[in-house]
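Structure record follows, encoded as structure tokens.
Residue numbers (the numbering used here): 703 to 937.
Laid out in structure tokens, this is it:
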């Protein structure tokens, strides 16, 4: 998606020119939002999103992570998620714009689930809910629950056993049940806080003795835990 990766003739010059101006609108939107000038912030944020939509030749409502390079464009997708987050809060202030608020929340979730910044976004949403700042709290709670449910990442199990291993699938089912209770959700939050840090550290040192030990030890522990939970989560 980055300009340097765009082949000559791949995108119309008009689209590329608009794309190059997107960050100007984003910066203005952030400044207006910080100054609590919400109408102008909404206008600039909308222009930023429309720049992206024009570049990809889609309607703004059709913006999706599938349009981006999931590795090279993580920083841009984080920005997009935060723009939709600010828009959802802005529209939430008006009873006549609640539907648009929910739509922006949906986009926020799409640009959050499965990415390395997921925990940060989920915590931001949770804190907003806890402070009771939402005029339509049900919609924000549903968005938070969606992030918890739709995220299928079981970082340690996936790293040690693989994405399609039966034990990995078991722990995904367990996570769904844990998400139904407050203590369970607290555990999930803690897990998502530490496990990505561990896995990212090990990924940078694939041949280190610590990595080999971690995989072996994790497999042993996961198999033991699997036997304990297998009666309920047998696949």
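Built from N, CA and C at the ideal position, the CB exists for glycine as well.
Only a predicted model underlies this, so the values are computations on that prediction, with no experimental measurement involved.
Problem - Spatially closest choice to residue 920 from 803, 860, 722, by CA coordinates - result: 860
Problem - Sequence-distant residues of its chain with Cβ nearer than 6 Å to residue 743 (five each side left out) - result: 731, 734, 735
Problem - Collapsed DSSP secondary structure at residue 770 in the structure displayed - result: DSSP places residue 770 in coil when its eight states are reduced to three.
Exercise for the section: Hey, could you find the ends of the alpha helix (DSSP H) residue 733 is sitting in? Expected result: 724-736
Practice task
Jot down the residue ranges of each uninterrupted alpha helix (DSSP H) in the segment 773-822, minimum 4 residues, whole runs only, in chain order.
Solution key: 776-794, 800-812
Practice task
For residue 728, I'd like the list of residues in its chain whose CB is within less than 6 Å of its CB, leaving aside the five on either flank, ordered along the chain.
Solution key: 750
Handout entry: Unbroken alpha helix (DSSP H) run spanning residue 834, endpoints
Key = Taken as a continuous stretch (DSSP letters only), residue 834 belongs to no alpha helix (DSSP H), as it is neither H nor E.
Exercise for the section: Return helix, strand or coil for residue 906, following the three-state DSSP convention. Expected result: Note: residue 906 maps to coil in three-state DSSP.
Problem - Segment contact, 8 Å Cβ cut-off, at least three pairs: the segment 790-800 with the segment 754-761 - result: In this structure the segment 790-800 does not lie against the segment 754-761, because fewer than three pairs of beta carbons, one per stretch, are closer than 8 Å.
Problem - First through last residue of the alpha helix (DSSP H) which encompasses residue 760 - result: No alpha helix (DSSP H) holds residue 760; DSSP gives it neither H nor E.
Handout entry: Where residue 746 sits in the DSSP three-state scheme
Key = helix
Practice task
State the DSSP-derived secondary structure class of residue 881, mapped to helix, strand or coil.
Solution key: The three-state reading of DSSP puts residue 881 in coil, since its state is none of H, G, I, E or B.
Practice task
Could you tell me the distance, in whole angstroms, from the CA atom of residue 847 to the CA atom of residue 722?
Solution key: Between the alpha carbons of residue 847 and residue 722 lies a distance of about 35 Å.
Handout entry: residue 917 versus residue 862 - alpha carbon distance
Key = 5 Å
Handout entry: residue 935, DSSP secondary structure in three states
Key = Residue 935 falls in the coil class under three-state DSSP.
Handout entry: Buried or exposed (CB count within 10 angstroms, at least 16 for buried), residue 930
Key = By the neighbour-count definition (other C-beta atoms within 10 Å, threshold 16), residue 930 is an exposed residue.
Problem - DSSP state of residue 867 mapped onto helix, strand, coil - result: coil
Problem - Cβ pair residue 901, residue 935 closer than 8 Å - result: no
Exercise for the section: For residue 856, name the three-state secondary structure that DSSP assigns. Expected result: coil
Problem - DSSP-derived helix/strand/coil call for residue 929 - result: Residue 929 falls in the helix class under three-state DSSP.
Practice task
In angstroms with no decimal places, state the Cα-to-Cα distance between residue 773 and residue 779.
Solution key: CA-CA distance, residue 773 to residue 779, rounds to 10 Å.
Practice task
Leaving out five residues on either side along the sequence, give the residues of the same chain with a beta carbon under 6 Å from the beta carbon of residue 838.
Solution key: 794, 800
Practice task
Whole angstroms is fine: what's the gap from residue 738's alpha carbon to residue 803's?
Solution key: 18 Å
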